[in-house]
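Residue numbers (this note's numbering): 78 to 701. All C-beta atoms in this analysis are idealised placements derived from N, C-alpha and C, irrespective of residue type, glycine included.
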Amino acid sequence: MLDFLGNLERTHLCGDLRAAHAGQQVVLMGWVNRRRDHGNLIFLDLRDRSGISQIVLDKELTPDGHAKGEQVRPEYVVAAVGKVRLRSADAINPKMPTGEIEIEATQLLVLNDTRLAPFSPAEEAIQNEEVRLKYRYVDLRRAEMQRNFRLRHDITLAIRESLSRQGFLEVETPILTKSTPEGARDFLVPSRVHPGEFYALPQSPQIFKQILMISGFDRYFQIARCFRDEDLRADRQLEFTQVDLEMSFPRQEHVFAVVEDFLCAGFAAAGVTLPRPFPRITYDEAMQRFGTDKPDMRLPGLTDVRSAFTEENLAALQIDPALPIVALRIPSVGELSRKEREDNHPLFDQKKGAKFIDDFKRLAKGFPEAAAKAREMAGASDADFVVIVAGDPAHHIKASDTKFEGRLSEREINVYSAAGNFRTELAKKYAERHGAFNVTDDVVRNADPRSGKSIDGSAAFHPIWITDFPMFEYDLASGKWMPAHHPFTSPHEHDMANLVSDPASVRANCYDLAMNGLELGSGSIRIHRKDVQQQIFQSLGISDEEARQRFGFFLDALEYGTPPHGGIALGLDRIVMLLAGAPSLREVIAFPKTAKAIDLMVDAPTTVTEQQLKELHIRVALKS
RNA sequence: GGGGACGUAGCUCAGUUGGUUAGAGCGCUGCCCUGUCACGGCAGAGGUCGCGGGUUCGAGCCCCGUCGUCCCCGCCA
78 MLDFLGNLER
88 THLCGDLRAA
98 HAGQQVVLMG
108 WVNRRRDHGN
118 LIFLDLRDRS
128 GISQIVLDKE
138 LTPDGHAKGE
148 QVRPEYVVAA
158 VGKVRLRSAD
168 AINPKMPTGE
178 IEIEATQLLV
188 LNDTRLAPFS
198 PAEEAIQNEE
208 VRLKYRYVDL
218 RRAEMQRNFR
228 LRHDITLAIR
238 ESLSRQGFLE
248 VETPILTKST
258 PEGARDFLVP
268 SRVHPGEFYA
278 LPQSPQIFKQ
288 ILMISGFDRY
298 FQIARCFRDE
308 DLRADRQLEF
318 TQVDLEMSFP
328 RQEHVFAVVE
338 DFLCAGFAAA
348 GVTLPRPFPR
358 ITYDEAMQRF
368 GTDKPDMRLP
378 GLTDVRSAFT
388 EENLAALQID
398 PALPIVALRI
408 PSVGELSRKE
418 REDNHPLFDQ
428 KKGAKFIDDF
438 KRLAKGFPEA
448 AAKAREMAGA
458 SDADFVVIVA
468 GDPAHHIKAS
478 DTKFEGRLSE
488 REINVYSAAG
498 NFRTELAKKY
508 AERHGAFNVT
518 DDVVRNADPR
528 SGKSIDGSAA
538 FHPIWITDFP
548 MFEYDLASGK
558 WMPAHHPFTS
568 PHEHDMANLV
578 SDPASVRANC
588 YDLAMNGLEL
598 GSGSIRIHRK
608 DVQQQIFQSL
618 GISDEEARQR
628 FGFFLDALEY
638 GTPPHGGIAL
648 GLDRIVMLLA
658 GAPSLREVIA
668 FPKTAKAIDL
678 MVDAPTTVTE
688 QQLKELHIRV
698 ALKS
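In structure tokens, the structure reads:
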């Protein structure tokens, strides 16, 4: 028999009670986390979003409440009325924040019962992701998930406040809009009113925010939902949230300062101090030092070990002397057996025209000096695992040989990136041995978001700006230069003259923010002049007609007094994921989709009725 | 589109070389218990071994297919 709430009002949250509340009359409401029945004495752990308090139901004190206590089961929703009392010294539970007190109940109301869920929110996460997502409402009751979403709220709020303080205005842009030029597949929404025509969901508010600059808003931001119809990953969902911003008359410096301010504010909200300014490196430097444009700096970078080898060495080892020769080092891995090393070989990307040497014993037999010098240059101790990565003359891949003074060629980048990818994969595999990621786990675990205290995150989180990306990338398949970014990215002013003649030499005025091996965001100074925009379209092989059809409205807008402007967008979900120490975005998104793009709780997507299709002028033609 | 891992009770898992009636812990149900907090004790229920097909005297185990979840490549500036 269930009780009505009546006039009863909750006075406190379960997790807030302390010894100081002793003697106070309280009313708590929540879920039965656990029940311990000792016959004439029953303990209930009552849980709400704040935590847990112990309710004592004594048959002598409250025969009625005790009788209800016998009937309740875990996850029943109850209200407990009673007095806070200090526990006797031997009954104190030091493991609980509320362990010094308990509620001596005078009344227990059973507000609702429950079906038995397939798992208990009182426990750790179960392994079965399918069940967790189907019963997401139960999963979200778990303390860990409650913590993640409170963290997400705190971070988002701090970011909003920071941007508002810096003069940014939050403006909402349409969800039903037109295909945007972000390169991913669009989600389309059929128009009922306009047969055969479709809206697209935004991949980002890109064009709208640029137009807001033309409109004179000067500084815009939005915590914006974005949609991309691409396959999912642990760090990629179909819909995700970006901290999106744009500002007028900026130099790159200004964008960096704004981002560093709000990101530090977000980290501070999570109880972590991030030192400023963030370090910066160019794209070429990032490739040389880490073999990737999103370096994880918690591990040693790549070392140029060319000088460890003589020309004869290189010839004997069949290494291309014209390409980089680098060593990657994973600390404290210990000596690997031949089988262990061979198991690692699939982790090396064969398609980059590079080869590797991971058998130092063998190398030392043939080339003792080179082997010793290479290890020494890489700063390797005996326990460190070192791999040499170099160009393979036997597997010369198709790539551009175009080489500009002071810039990396495509081939060089390929060798670096083969080394960088191998480094990342090995680092993941041997994480337990080198322990370089533990510092991040420790900081995340010890951070106390709402305490007002902040712990030093400088060793745990490594933000880094990557600048001076190439404007174009050589596409092996088509043999053409393709845009590396969306077509509104401004080239460097002094590279502008080479746009058509030497596309490979042109650097883009864009930048990425990376942290711990994750791309957090990406932005650029935009093109604000119609003549430059036309040149870019031309060099990208986009015809006037196509440009007009896809973004004619935007080209028009550009002609009406467009200020120089630029901005950036950071993945909010990823920021929260890092600070929650979560292995997947699903842990920080309330209702995420599976790797096959299914929402298991609501069961979406589904077919729709013929009537709905008819109204939308849609006919479905499935491949048989 | 491709590669890999997993799928046995509600959950976490074990299951030997293919061999009788498929096990454990937790959870669940009932009874007992006034100081537990992962309470304890006694008793009990609970299985289409993801699904379909095949091999075999015999399949949880072998083979083929399929479905689902996860991870990765492609894709996502």
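The beta carbon of F546 is closer than 8 Å to those of Y360, D370, A561, H562, R584, A585, C587, Y588, D589 in its chain, skipping five residues each way along the sequence. Collapsing the DSSP output to three states places H331 in a helix.
Rounded to whole angstroms, S486 and P470 show a C-alpha spacing of 16 Å.
Between M573 and the set E316, R606, I119, the nearest pair of CA atoms involves R606. When rounded, the separation of the alpha-carbon atoms in R406 and A591 is 21 Å. Between V270 and A524, the CB-CB gap reaches or exceeds 9 Å. Between C303 and Q287, the gap from beta carbon to beta carbon reaches 9 Å or more.
By the Cβ rule, the segment 177 to 187 counts as touching the segment 137 to 156, because three or more pairs are nearer than 8 Å. With respect to A346, L234 sits close: the two C-beta atoms are nearer than 9 Å.
In the DSSP assignment, G648 is bridged to Q319. Note on the segment 401 to 465: whole beta strand (DSSP E) runs with a minimum of 3 residues are 402 to 407, 431 to 434, in chain order. With fewer than 16 other Cβ atoms from the protein chains shown falling within 10 Å of its own Cβ, D308 counts as exposed. Between P151 and A199, the gap from beta carbon to beta carbon is short of 9 Å. Pairwise C-beta distances place the segment 326 to 340 in contact with the segment 642 to 655, as three or more of them are shorter than 8 Å. Out of F668, V410, Q427, L649, the CA that lies nearest to the CA of L217 is found in F668. Scanning D436, W558, T684, D519 for the CA closest to the CA of H422 turns up D436. Counting only the Cα atoms, G598 lies some 17 Å from P354.
Following the DSSP letters along the chain, one finds G600 inside the beta strand (DSSP E) bounded by residues 595 to 602.
One alpha carbon belongs to E249, the other to Q626, and they sit about 25 Å apart. Look at E550 here: in three-state DSSP terms it is strand. Taking the C-beta atoms as reference points, L340 is found no nearer than 9 Å to P568. Annotated as proximal: K160 and V103, with beta-carbon spacing under 9 Å. In the DSSP assignment, V215 falls outside any beta strand (DSSP E) and within the unbroken alpha helix (DSSP H) covering 213 to 216. It is roughly 10 Å from the alpha-carbon of L376 to the alpha-carbon of N593.
Sequence-distant partners of E137 (beyond 5 residues in either direction) whose C-beta falls short of 8 Å from its own C-beta, in its chain, are N117.
Per DSSP, K286 is not a residue of any beta strand (DSSP E); the alpha helix (DSSP H) it occupies stretches across 283 to 291. Scanning the segment 120 to 153 from its first residue to its last, the whole alpha helix (DSSP H) runs of 4-plus residues come out as 140 to 148.
In terms of CA proximity to E323, Q299 leads the group I490, I396, Q299. Where N110 is concerned, the enclosing beta strand (DSSP E) starts and stops at 102 to 114. DSSP places K673 in the coil class of the three-state scheme, outside both helix and strand.
Annotated three-state conformation of R606 is coil, per DSSP. Cβ-Cβ distances below 7 Å link N390 to F444, A447 in the same chain, with the five nearest sequence neighbours on each side left out; the list follows chain order.
A277 sits in a strand when the DSSP states are folded into three classes. Residue burial annotation: M78 is exposed, with fewer than 16 other C-beta atoms found within 10 angstroms of its C-beta. Here the alpha carbons of F367 and I358 stand approximately 11 Å from one another. Taking every protein chain shown into account, the CB of N84 has fewer than 16 other CB atoms within 10 angstroms, so this residue is exposed.
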